[in-house]
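Structure record follows, encoded as structure tokens.
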Amino acid sequence: MKTIIEPFRIKTVDPIRMTTREHRETALQRAGMNLFLIDAEDVLIDLLTDSGTGAMSSEQWAGIMRGDESYAGATSYHRFHEQVRTITGFDHILPTHQGRASERILFEVMGGPGKVIPNNNHFDTTRANIEHSGAEAVDLVIDEGRIPTSRHPFKGNMDIAKLEKLFSDVGGENIPLVMVTITNNSGGGQPVSLENLRAIRAVCDKHKKPFFLDACRFAENAYFIKMREEGQSQRDVADIARELFELADGATISAKKDGLVNIGGVLLFRDMEMAAQARNLLILTEGFPTYGGLAGRDLEAMAQGFKEVLHEDYLQYRITSVAYLGEKLLSGGVQIVEPPGGHAIYIDANAFCPHIPPKNLPGQAIICALYRHAGIRAVEIGSLMFGGEGQAPDMELVRLAIPRRVYTQSHIDYVVEAILEIYAERDKLRPLEIVEEPPQLRHFTARMKELDA
Ligand code: F0G
Numbered sequence: 004m005k006t007i008i009e010p011f012r013i014k015t016v017d018p019i020r021m022t023t024r025e026h027r028e029t030a031l032q033r034a035g036m037n038l039f040l041i042d043a044e045d046v047l048i049d050l051l052t053d054s055g056t057g058a059m060s061s062e063q064w065a066g067i068m069r070g071d072e073s074y075a076g077a078t079s080y081h082r083f084h085e086q087v088r089t090i091t092g093f094d095h096i097l098p099t100h101q102g103r104a105s106e107r108i109l110f111e112v113m114g115g116p117g118k119v120i121p122n123n124n125h126f127d128t129t130r131a132n133i134e135h136s137g138a139e140a141v142d143l144v145i146d147e148g149r150i151p152t153s154r155h156p157f158k159g160n161m162d163i164a165k166l167e168k169l170f171s172d173v174g175g176e177n178i179p180l181v182m183v184t185i186t187n188n189s190g191g192g193q194p195v196s197l198e199n200l201r202a203i204r205a206v207c208d209k210h211k212k213p214f215f216l217d218a219c220r221f222a223e224n225a226y227f228i229k230m231r232e233e234g235q236s237q238r239d240v241a242d243i244a245r246e247l248f249e250l251a252d253g254a255t256i257s258a259k260k261d262g263l264v265n266i267g268g269v270l271l272f273r274d275m276e277m278a279a280q281a282r283n284l285l286i287l288t289e290g291f292p293t294y295g296g297l298a299g300r301d302l303e304a305m306a307q308g309f310k311e312v313l314h315e316d317y318l319q320y321r322i323t324s325v326a327y328l329g330e331k332l333l334s335g336g337v338q339i340v341e342p343p344g345g346h347a348i349y350i351d352a353n354a355f356c357p358h359i360p361p362k363n364l365p366g367q368a369i370i371c372a373l374y375r376h377a378g379i380r381a382v383e384i385g386s387l388m389f390g391g392e393g394q395a396p397d398m399e400l401v402r403l404a405i406p407r408r409v410y411t412q413s414h415i416d417y418v419v420e421a422i423l424e425i426y427a428e429r430d431k432l433r434p435l436e437i438v439e440e441p442p443q444l445r446h447f448t449a450r451m452k453e454l455d456a
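Residues in the sequence shown are numbered consecutively from 4, following this note's numbering.
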């Protein structure tokens with residue numbers, strides 16, 4: 004295979020500094036073994052998230068300087084509106100400060116006590132906003148989506164039979180909308196096929212329900228469709244992306260992912276009445292509808308970012324370079340969620356250190372070792388994040404999220420080396436015990452200690 008190069012050259016650099024092992028050990032102990040509590044300057048390679056951590060292009064920075072900061076009707080808003088309309092085809096386009104602001108408004112309009120909202124897998128802020136409205140969030144991903152070794156090409160698909168069953172079990176009157184997350188972040192960054200989206204559309208039509216996308220990573224999903232779905236390889240990714248949006252009645256987007264910006268979000272509607280309600284809520288907490296909690300310069304950066312993200316050279320590099328990390332780990336014997344996802348690689352922590360039971364946080368043991376050994380920061384997605392009160396998640400995972408256009412192949416080679424070195428000594432990884440935890444979202448602030456192996 005030919006080498007896929009980074010399709011950009013570097014004009015501005017941000018130094019990263021190696022720390023000593025002693026320094027990192029002290030930082031770890033001070034943070035109670037919680038990497039959310041470590042300062043960024045003590046991290047060499049930061050794979051905590053791909054959200055808001057990307058590098059902007061020179062055209063985006065030029066947009067930042069051009070930003071029109073008028074309160075109402077700014078030219079930057081019109082540029083943003085035009086670009087989002089071209090990509091999505093939606094008429095009602097509301098800017099928000101980030102994805103969860105779009106979610107909060109959407110579910111204030113459509114959620115509420117007694118309602119049930121299905122998704123392939125709700126992302127945690129989506130679930131939290133649904134539950135905050137009093138509604139229930141249900142995950143209906145296909146069974147293959149929960150099996151790390153399954154190589155199904157569209158593991159983010161929703162199980163249509165389960166969706167139909169939900170309609171007959173709880174009654175259509177209690178399901179205000181159907182939602183699908185592209186790509187499916189909580190399920191490993193796995194894509195959803197066009198065929199599946201069309202089938203969900205058909206179910207929604209049958210029951211006369213609106214269909215919404217959580218479209219944070221729509222461009223990565225569209226590229227996977229081009230690569231993997233029958234009959235799609237000759238289409239432009241932009242054309243596929245447009246079809247994804249045309250199948251839906253609305254969407255929430257965190258532009259911090261495929262918008263290629265550090266802050267920003269979008270809320271989209273086809274229905275005028277729904278959009279009017281959302282616009283009133285937007286004014287209440289985000290801002291006037293032509294800026295929605297952002298500065299004019301942020302709207303400029305988003306407009307340009309949405310344009311750049313659909314460039315096929317970029318998407319080929321993006322998807323191929325994430326897969327490069329995944330395939331290198333697999334060939335070194337490390338089990339990941341297969342096939343590699345669009346924005347991140349997820350290590351199967353149970354397979355990595357079977358001697359640590361879920362209650363002693365195998366994923367957290369791996370990320371602490373990775374930080375201590377090599378200054379790399381990853382995130383646990385397992386019993387620390389989703390467990391507690393007798394609950395255990397389906398999988399114990401470590402997510403290595405790749406910021407967009409930030410790290411080069413040699414950074415990634417360094418990450419691979421470090422993980423394989425820890426893997427070679429995996430029997431030395433030590434179990435953890437929580438010593439202090441808050442009542443909710445404990446992974447952000449809990450403190451832990453290492454036990455003897
Ligand atoms: N939906 C999905 C699928 C997401 O991945 C995220 C954020 C959100 C909604 C919320 O967007 O952060 O702009 O409010 N995911 C980040 C992550 C935080 O690390 O995966 P936000």
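In this text, a Cβ means the ideal position worked out from N, Cα and C, and glycines have one as well.
* **Gln-193 CB to nearest heavy atom of ligand 1 below 8 Å** => Walking along the sequence shown from the start, residue 193 turns up at place 190. For ligand 1, no non-hydrogen atom lies closer than 8 Å to the CB of Gln-193.
* Asked: Who are the near neighbours of Glu-28 in its chain, counting only those whose CB is closer than 7 Å to its CB and skipping five residues on each side?
  -> Looking up residue 28 in the sequence shown gives position 25. Once the five neighbours on either side are set aside, the close Cβ partners of Glu-28 are Arg-375.
* DSSP beta-bridge partners of Gly-253 -> In the sequence shown, the residue the question calls residue 253 occupies position 250. As computed with DSSP, Gly-253 is found in a beta bridge with Phe-215 and Phe-272.
* Taking Leu-216 as the reference, give the member of Thr-411, Ala-222 and Phe-248 with the closest Cα. => Translated into positions along the sequence shown, residue 216 becomes position 213. Per the Cα distances, Phe-248.
* To do: Could you pull the start and end residues of the alpha helix (DSSP H) that Tyr-226 belongs to?
  => Taking the first residue of the sequence shown as 1, we reach residue 226 at position 223. Tyr-226 -> alpha helix (DSSP H) spans 221 to 231.
* To do: Assign Pro-357 to one of three DSSP states: helix, strand, or coil.
  => Position 354 of the sequence shown, counted from the start, is the residue given in the question as residue 357. In this structure, Pro-357 counts as coil in the three-state DSSP scheme.
* Ala-347 - partner residues in DSSP beta bridges -> The residue labelled residue 347 in the question sits at position 344 within the sequence shown. DSSP, once it has assigned bridges, lists Ala-404 as partnering Ala-347.
* **Residue range of the unbroken beta strand (DSSP E) whose run includes Ala-140** => Counting from one through the sequence shown, the residue named residue 140 turns up at place 137. For Ala-140, the enclosing beta strand (DSSP E) has its first and last residue at 139 to 142.
* Please name the residue, chosen from Gly-378, Glu-392, Val-340 and Val-419, that lies closest to Ile-384 on a Cα-to-Cα basis. => Counting from one through the sequence shown, the residue named residue 384 turns up at place 381. Looking at the Cα atoms, Val-340 is the closest of the given residues.
* To do: Verify whether the separation of the beta carbon atoms of Ala-218 and Ala-254 is less than 9 Å.
  => As a first step, residue 218 is located in the sequence shown; it is residue number 215 there, counting from the start. As a first step, residue 254 is located in the sequence shown; it is residue number 251 there, counting from the start. Taking 9 Å as the Cβ cut-off, Ala-218 and Ala-254 qualify as a contacting pair.
* Asked: How big is the Cα-Cα spacing for Pro-98 and Pro-213?
  -> Here the question's residue 98 lines up with position 95 in the sequence shown. Here the question's residue 213 lines up with position 210 in the sequence shown. Rounded to the nearest angstrom, the two C-alpha atoms are 21 Å apart.
* Taking 8 Å as the line, does the beta carbon of Ala-104 fall inside it for any heavy atom of ligand 1? -> The count along the sequence shown starts at 1 and reaches residue 104 at position 101. It does: the Cβ of Ala-104 is within 8 Å (strictly closer) of some heavy atom of ligand 1.
* Val-87 (DSSP reduced to helix, strand or coil) -> Here the question's residue 87 lines up with position 84 in the sequence shown. In this structure, Val-87 counts as helix in the three-state DSSP scheme.
* Do Leu-143 and Ile-379 have their C-beta atoms closer together than 9 Å? -> Sequence index remark: in the sequence shown, residue 143 carries index 140 (1-based). Sequence index remark: in the sequence shown, residue 379 carries index 376 (1-based). Contact flag unset, no.
* Asked: With DSSP run on the structure shown, which of helix, strand or coil describes Gly-299?
  -> For the purposes of this step, residue 299 is taken as residue 296 along the sequence shown, with counting starting at 1. The three-state secondary structure of Gly-299, taken from DSSP, is helix.
* Asked: From what residue to what residue does the beta strand (DSSP E) around Ile-461 run?
  -> This structure cannot settle anything about residue 461, because the visible part of the chain is limited to 4 through 456.
* Asked: Buried or exposed: which applies to Ala-43, given that a residue is buried once 16 or more other Cβ atoms fall within 10 Å of its Cβ?
  -> In the sequence shown, residue 43 corresponds to position 40, counting from 1. By the neighbour-count rule (16 or more Cβ atoms within 10 Å), Ala-43 is not buried but exposed.
* Quick one: does the C-beta of Gly-137 sit closer than 8 Å to a heavy atom of ligand 1? -> For this step, residue 137 is matched to residue 134 along the sequence shown. Incorrect: Gly-137 has no Cβ contact closer than 8 Å to ligand 1.
* To do: Could you have a look at Ile-266 and say whether DSSP puts it in helix, strand or coil?
  => In the sequence shown, residue 266 corresponds to position 263, counting from 1. Residue state, collapsed to three classes: coil.
* Asked: How about Gly-192 and Val-325: are their beta carbons less than 9 Å apart?
  -> Position 189 of the sequence shown, counted from the first residue, corresponds to residue 192. Position 322 of the sequence shown, counted from the first residue, corresponds to residue 325. Closer than 9 Å, so yes.
* To do: Look at the alpha carbon of Glu-111 and the alpha carbon of Val-401, and state the distance between them as a whole number of angstroms.
  => Here the question's residue 111 lines up with position 108 in the sequence shown. Here the question's residue 401 lines up with position 398 in the sequence shown. Distance from the CA of Glu-111 to the CA of Val-401, rounded to the nearest whole angstrom, comes to 33 Å.
* Asked: Roughly how many angstroms separate the alpha carbons of Gln-319 and Lys-14, rounded to a whole number?
  -> Reading the sequence shown from its first residue, position 316 is the one you call residue 319. Reading the sequence shown from its first residue, position 11 is the one you call residue 14. Here the alpha carbons of Lys-14 and Gln-319 stand approximately 22 Å from one another.
* Asked: Would DSSP call Lys-362 helix, strand or coil?
  -> Position 359 of the sequence shown, counted from the first residue, corresponds to residue 362. Three-state result, Lys-362: helix.
* Going by DSSP, name the residue or residues bridged to Asn-187. => Sequence index remark: in the sequence shown, residue 187 carries index 184 (1-based). Looking at the DSSP output, Asn-187 shares a beta bridge with Gln-193.
* To do: Can you have a look at Gly-345 and say buried or exposed, based on whether 16 or more other CB atoms are within 10 angstroms of its CB?
  => If you number the sequence shown from 1, residue 345 lands on position 342. By the neighbour-count rule (16 or more Cβ atoms within 10 Å), Gly-345 is buried.
* Using 8 Å as the cut-off, classify the Cβ of Phe-126 as near or not near the heavy atoms of ligand 1, replying yes or no. => Your numbering for residue 126 matches position 123 in the sequence shown. In this structure, ligand 1 has a non-hydrogen atom nearer than 8 Å to the beta-carbon of Phe-126.
* To do: Go to Met-113, then tell me how far its alpha helix (DSSP H) extends in each direction, as first and last residue.
  => As a working mapping, residue 113 is identified with position 110 in the sequence shown. In the DSSP annotation of this structure, the continuous segment of the alpha helix (DSSP H) that includes Met-113 starts and ends at 102 to 113.
* First and last residue of the uninterrupted alpha helix (DSSP H) at Ile-120 -> As a working mapping, residue 120 is identified with position 117 in the sequence shown. Taken as a continuous stretch (DSSP letters only), Ile-120 belongs to no alpha helix (DSSP H), being part of the beta strand (DSSP E) at 119 to 122.
* Determine the burial state of Phe-39: buried for a count of at least 16 other Cβ atoms within 10 Å of its Cβ, exposed for fewer. => By 1-based counting over the sequence shown, the position of residue 39 is 36. The residue in question, Phe-39, is exposed, as its Cβ has fewer than 16 Cβ neighbours within 10 Å.
* Could you check which residue in Gly-190, Met-68 and Leu-333 has the C-alpha nearest to that of Asn-124? => To locate residue 124, count along the sequence shown from 1; it is residue 121. Comparing Cα positions, the closest option is Gly-190.
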